[in-house]
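Trainee:
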Amino acid sequence: MDSKSSRPTPGCPAPEDTPSGLAILKTIPYALILPELIFGCWVWILVAATNVYFPLLQGWVMYVSVSSFVISFLLLLSYLFGFHKNFESWKILDSLYHGATGIFYLSAAVLQANATIRSETEVPTVHIPRYYQLNTAATFFAFITTLLYILHAFSNYYH
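Numbering (full-length UniProt numbering), first residue to last: 1 to 159.
#1: With three or more beta-carbon pairs closer than 8 angstroms as the criterion, would you say the segment 95-104 touches the segment 50-57?
#2: Give me the Cα-Cα distance between Ala-142 and Thr-125, rounded to the nearest whole angstrom.
#3: Pick out whichever of Ser-155, Thr-145, Ser-68 has its Cα sitting closest to the Cα of Phe-39.
#4: So Leu-75 and Ile-33 are in contact, right, with Cβ under 8 angstroms, and what is the actual spacing, rounded?
#5: Can you tell which of Phe-54, Leu-46, Leu-37, Trp-44 has the C-alpha that lies nearest to the C-alpha of Val-123?
#6: Classify Val-61 as buried or exposed, calling it buried when 16 or more other Cβ atoms lie within 10 Å of its own Cβ.
#7: For Gln-112, which option in Phe-87, Ala-31, Gly-59, Leu-37 has the closest C-alpha, if you only look at C-alpha atoms?
#8: Out of curiosity, what's the CA-to-CA distance linking Ala-108 and Leu-25?
#9: If the criterion is Cβ atoms closer than 8 angstroms, does the pair His-98 and Asn-156 meet it?
#10: Look at the alpha carbon of Phe-154 and the alpha carbon of Ala-137, and state the distance between them as a whole number of angstroms.
#11: Give me, in chain order, the residues of the same chain whose beta-carbon lies closer than 8 angstroms to that of Tyr-131; leave out the 5 immediate sequence neighbours on both sides.
#12: Can you tell which of Ser-72, Ala-31, Leu-56 has its C-alpha closest to the C-alpha of Cys-41?
#13: Going straight from the alpha carbon of Asn-114 to that of Leu-134, what length do you get?
#14: Count the other C-beta atoms from every protein chain shown that fall within 10 angstroms of the C-beta of Ser-65, then say buried if there are 16 or more, exposed otherwise.
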């Protein structure tokens with residue numbers, strides 16, 4: 001009878017081997033959270049430096065980048081302090097979050113690329129070089145951040 005009680009129930013998943021503390025910075029996919037935060041922060045800093053000249057386009061970029069930064073930072077804190085060990089389906093939640101955020105970031109990166117193209121002609125000539133360079137850098141970092149979020153989602157799903 002004791003051997004039956006030590007085995008997990010058939011419907012219950014096996015315990016997760018997700019690290020906690022600073023060990024998450026050494027394991028894939030969790031090591032991608034820090035670059036996601038850094039590159040995502042660069043996106044909204046660079047977009048904000050353009051004074052959000054195209055509010056409809058860059059407003060969505062700002063929303064996606066800032067909200068993703070905040071949620072990813074909270075996710076990083078939960079991994080550092082080990083809060084994820086209290087939930088059985090944490091990996092599914094993490095994979096779904098990063099997959100959805102990757103899709104949102106892809107839409108934001110495309111809109112930011114459109115804002116970059118439009119900044120060549122629709123911005124006052126005094127600001128064209130500066131806004132174009134800032135928008136180009138923001139577009140680059142938005143696509144890199146998109147790639148990081150998608151890699152995180154797939155590597156977490158297949159891990």
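In this text, a Cβ means the ideal position worked out from N, Cα and C, and glycines have one as well.
Mentor: According to the structure shown:
#1: With a cut-off of 8 angstroms, the segment 50-57 and the segment 95-104 do not count as touching, because too few Cβ pairs lie within range.
#2: Reading the sequence shown from its first residue, position 142 is the one you call residue 142. Reading the sequence shown from its first residue, position 125 is the one you call residue 125. Each residue's alpha carbon lies about 25 angstroms from the other.
#3: As a working note, residue 39 is residue 39 in the sequence shown. Residue nearest to Phe-39 within the set Ser-155, Thr-145, Ser-68 is Thr-145 (criterion: CA-CA distance).
#4: Locating residue 75 in the sequence shown gives position 75, where the first residue counts as 1. Locating residue 33 in the sequence shown gives position 33, where the first residue counts as 1. At roughly 7 angstroms, the Cβ-Cβ gap stays under 8 angstroms, so Leu-75 and Ile-33 are in contact.
#5: For the purposes of this step, residue 123 is taken as the residue at position 123 of the sequence shown. That would be Phe-54, whose Cα lies nearest to the Cα of Val-123.
#6: Numbered from its first residue, the sequence shown carries residue 61 at position 61. With 16 or more Cβ atoms within 10 Å of its Cβ, Val-61 is classed as buried.
#7: Position 112 of the sequence shown, counted from the first residue, corresponds to residue 112. Closest option to Gln-112, Cα to Cα, is Gly-59.
#8: For this step, residue 108 is matched to residue 108 along the sequence shown. For this step, residue 25 is matched to residue 25 along the sequence shown. Roughly 27 angstroms separates the two Cα atoms.
#9: Locating residue 98 in the sequence shown gives position 98, counting from the first residue. Locating residue 156 in the sequence shown gives position 156, counting from the first residue. Cβ atoms of His-98 and Asn-156: closer than 8 angstroms.
#10: By one-based count along the sequence shown, residue 154 stands at place 154. By one-based count along the sequence shown, residue 137 stands at place 137. Each residue's Cα considered, the two are about 26 angstroms apart.
#11: As a first step, residue 131 is located in the sequence shown; it is residue number 131 there, counting from the start. Cβ within range, chain order: Thr-50, Tyr-53, Ser-119, Val-123.
#12: Indexing the sequence shown from 1 puts residue 41 at position 41. Residue Ser-72 holds the alpha-carbon nearest to the alpha-carbon of Cys-41 among Ser-72, Ala-31, Leu-56.
#13: Within the sequence shown, numbered from 1, the residue matching residue 114 stands at position 114. Within the sequence shown, numbered from 1, the residue matching residue 134 stands at position 134. Approximately 13 angstroms, taken between the alpha carbons.
#14: By one-based count along the sequence shown, residue 65 stands at place 65. By the 10 Å Cβ count, Ser-65 comes out buried.
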